[in-house]
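Before any comments, here is the structure.
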Amino acid sequence: MNSNDNPGISVKLGSIRLKNPIVMCSGTFSSGIEYNNFYDVSMLGAITTKSFSLKPREGNKPPRLCETSAGLLNSIGLQNEGIDFFIYEHLPFIKRERFNTILSMLGSDVNEFSDLAVKVRNIEENLIAVELNLSCPNIEKGGMSLGLIPEEVENVTATVRKILNIPVIVKLSPNIENLPEITLRAKNGGAEAVSLINTVVGMAIDINTFKPKLGNVTGGLSGPAIKPIALAKIFNLHKEKILPIIGMGGIFSWEDAIEFILAGSSAVGLGTVNFVDLQAGKKILDGIIDFMNNKNILNIGDIIGKVKAG
Amino acid sequence: MKLIKGEIVSNERIGNNLYKTTIFSPYITKNAVPGQFINIKCCSDNTVDPLLRRPFSIHDVEYDFKVFSIMYEVKGNGTHFLSKLNAADVIDFVGPLGNGININKIENDDFLLIGGGIGIAPLYFFAKVLLAENKNVFFAAGFKDGNFLLFDKMLERLKINYEIYSENGMHGSKGMITDFIKKRIDDFKEYDIYCCGPVEMYKALQNIFCLKNIRAKALFEEIMACGIGVCKGCVMKFKDNQNGYIYKSVCKDGPLFDLSEAVFEQ
């Protein structure tokens, strides 16, 4: 069955309705334009763009990538051309191809988020939501450094929420202990969902040169290596029943996606897998639909958080 | 660019840890230009080691048979996996990728190609394309030792002038190919120059060309994740127009760049 004809595959996160639970993670799919060469990416529940800031950012010193056992360390540092580039270069394509777009926003402080939101307000009718990147471990100001502070999370979320008329999602880091408190603050600020998890802080060292393998010394670990960490974080946060969760962190197959849904994800984010399998979104969606058919699951919502954990 | 499943026609060991894999693909042979690369999945289905695809430049194209080749040294898990494949095995790759050499924009008749180590691989394809256009090609190649001995035969078949140096004297003349270029640079001042090799070779060539105010193009490589310009992981530093610098993606903005614009960290 074509996924678009299957009402049982649609999901709801607050007021955000996705036609299926497949969401592309920020930074791994650009705005979807390149991947549209490999399949019709308008079939996806949503595409989260790479994070755009008010002004262009040059990103971190290379090397920016290092492969580890079943994982990928990166220290890209959110290189991007600025929000105007998104508006003028990507948005026309996105509109024409009818991509379901979540815009990832990045600011170094609440003022930059506010200025950015004012710009985004002019194009918000083309977006299904915005995601606030409060969890990137690779930058000094903004990102995870903002997401660690409960008051800042609430303040930034509320500021953006007041300016925009579309739903706000907050992307959270696994590198913090007080996830329920941070999630509650995001909710108080007006967020309708959280994305969990961003990358795990990690490091690799070249034993011949004694130097770190990344130019930025440490980076963010993604890929199958972090999947158990992500599942546990999602499972524990879902129990708190604070906000719906877009679960992500090392999903490489439809079986992984089902695990994330059972752990408590209302939607699933695909990230690093996009680099390896350029048609991962389509394949994982097909796999979820086949699984539902085989198990006689009429509505994917019926199994969210239904892991039998006693 | 396309996601392709291509059948291996042959997988030959041509030196110590040096392999040439030939793959059937009408799409690649029709569309690839020199300097472009393919990004190969180097593990079995449903496994994740190694996790990322591995980029390989296109080394040769045989249009009549609709096959192309890659040449590689076995260095890690990805190349080890490839070296164990056999004829009739099918590999999963994306290509052709990157900003290669557009032969239609080339006006000069004389070309100097400088390859260091495995950097000869993409330049060999370029040499063949140039010869088909009746251009004059001089190939200068430098190696560490005698591991690329078969390369002489390949160049002889092309009937072009060439010079080979190796650091230990096992192949061609003893010494560095960059010293040969330095000595003979005035002979090549009117040539279009293309190079591919390790960073140390590029640094030496930059110095030589800078003194003579010669511009050259170079093919670069970096560790890549997506291979299609999405992730910004494979960037290198280049000079910009305002005396500053800019990070460019090797996979999409390159791999072909002006050598003079590259900024190498000390």
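Top to bottom, those sequences are chains A and B.
Quick note on numbering: the numbering used here labels position 114 of the first sequence as 114, and the sequence is numbered without any gaps.
Position in the second sequence (first residue = 1) + 1000 = the numbering used here.
Even for Gly, the Cβ is constructed at its ideal location relative to N, Cα and C.
Model, not experiment: these values are computed from the prediction.
At a beta-carbon threshold of 9 angstroms, none of the residues of chain A lie near Lys1135 of chain B; the nearest stands roughly 33 angstroms away. Look at Gly189 of chain A: its C-beta is not under 8 angstroms from any C-beta on chain B. Secondary structure within the stretch 190 to 265 of chain A: the beta strand (DSSP E) runs of 3 or more consecutive residues, fully enclosed, are 193 to 196, 200 to 203, 218 to 222 and 245 to 248 (chain order). The beta carbon of Phe1138 of chain B lies closer than 6 angstroms to those of Leu1112 and Asn1161 in the same chain, with the five residues before and after it left out.
Counted as a single uninterrupted DSSP element, the alpha helix (DSSP H) harbouring Arg1184 of chain B occupies residues Ile1177 to Arg1184. In the DSSP annotation of this structure, Tyr1027 of chain B is not part of any beta strand (DSSP E); the continuous alpha helix (DSSP H) holding it starts and ends at Pro1026 to Asn1031. Sorting B:Gly1146, B:Asp1187, B:Ala1140 and B:Asp1109 by C-alpha distance to the C-alpha of Ala1132 of chain B places B:Asp1109 at the top. Cβ-Cβ distances below 7 angstroms link Ser108 of chain A to Lys141 and Gly142 in the same chain, with the five nearest sequence neighbours on each side left out; the list follows chain order.
Judged by DSSP in its simplified three-state form, Ala1262 of chain B adopts strand.
For Ile76 of chain A, the C-beta contacts it makes with chain B under 8 angstroms involve Cys1231, Lys1232 and Gly1233, in order along the chain.
In this structure, B:Glu1073 is the residue among B:Glu1073, B:Phe1065 and B:Gly1035 with its C-alpha nearest to the C-alpha of Lys1020 of chain B.
Rounded to the nearest angstrom, the Cβ distance from Ile1181 of chain B to Ala1140 of chain B is 6 angstroms, consistent with a contact under 8 angstroms. Look at the beta carbons and you see the stretch 87 to 98 of chain A not touching the stretch 218 to 232 of chain A: under three pairs across the two are nearer than 8 angstroms. For Ser1249 of chain B, the closest alpha carbon among the candidates B:Val1199, B:Asp1186 and B:Gly1233 is that of B:Gly1233. Under the 8 angstroms criterion on CB atoms, Ile1028 of chain B is classed as non-interfacial with respect to chain A. Going by beta carbons, Ala267 of chain A and Pro21 of chain A fall inside the 8 angstroms limit. Here Cys1251 of chain B is buried. Its C-beta has 16 or more other C-beta atoms within 10 Å. Ser30 of chain A places its beta carbon less than 8 angstroms from that of Val1230 of chain B. Contact between Leu103 of chain A and Thr28 of chain A is absent: CB atoms are separated by about 15 angstroms, not below the 8 angstroms threshold.
Here the alpha carbon of Cys136 of chain A sits roughly 11 angstroms from the alpha carbon of Ser26 of chain A.
By the rule that beta-carbons nearer than 8 angstroms mark a contact, Val23 of chain A does not touch chain B. Counting only unbroken stretches of 3 or more residues, the beta strand (DSSP E) elements lying wholly within the stretch 25 to 49 of chain A are 46 to 48, in sequence order.
Gly27, Thr28, Phe29, Ser30, Glu34, Tyr35, Asn37 and Phe38: these are the residues of the stretch 24 to 42 of chain A whose beta carbon lies less than 8 angstroms from some beta carbon of chain B, given in chain order. In this structure the stretch 1057 to 1071 of chain B touches the stretch 1025 to 1038 of chain B; the number of beta carbon pairs closer than 8 angstroms is three or more. Among the residues of chain B, those whose CB is under 7 angstroms from the CB of Phe252 of chain A are Val1048, following chain order. For Lys1237 of chain B, the closest of A:Arg17, A:Val11, A:Glu58 and A:Phe38 by C-alpha to C-alpha distance is A:Glu58. Within the model, the alpha-carbon separation for Ile205 of chain A versus Ala158 of chain A is close to 41 angstroms. Ala1218 of chain B sits close to Phe1257 of chain B, with the two beta carbons spaced by under 8 angstroms.
Think of a sphere of 8 angstroms around the beta carbon of Glu58 of chain A: the chain B residues whose beta carbon falls inside it are Ile1246 and Tyr1247, in chain order. Within chain A, Leu65, Leu72 and Phe275 have C-beta atoms less than 7 angstroms from the C-beta of Ala1225 of chain B, given in sequence order. Membership of Tyr1202 of chain B in the alpha helix (DSSP H) is indicated by the continuous run Val1199 to Lys1212.
Burial is judged here by how many other beta carbons sit within 10 angstroms of a residue's own beta carbon; Glu255 of chain A has fewer than 16 and is exposed. A distance below 7 angstroms between beta-carbons, with the five flanking residues on each side excluded, links Gly1227 of chain B to the following residues of its chain, in chain order: Asn1039, Arg1053, Pro1055, Val1094, Leu1097 and Cys1251.
Around the beta carbon of Tyr1063 of chain B, fewer than 16 other beta carbons lie within 10 angstroms, which makes this residue exposed. Assigned with DSSP and collapsed to three states, Pro92 of chain A falls in helix. For Lys1041 of chain B, the chain A residues whose C-beta falls within less than 9 angstroms of its own C-beta are Val276 and Asp277, listed in chain order.
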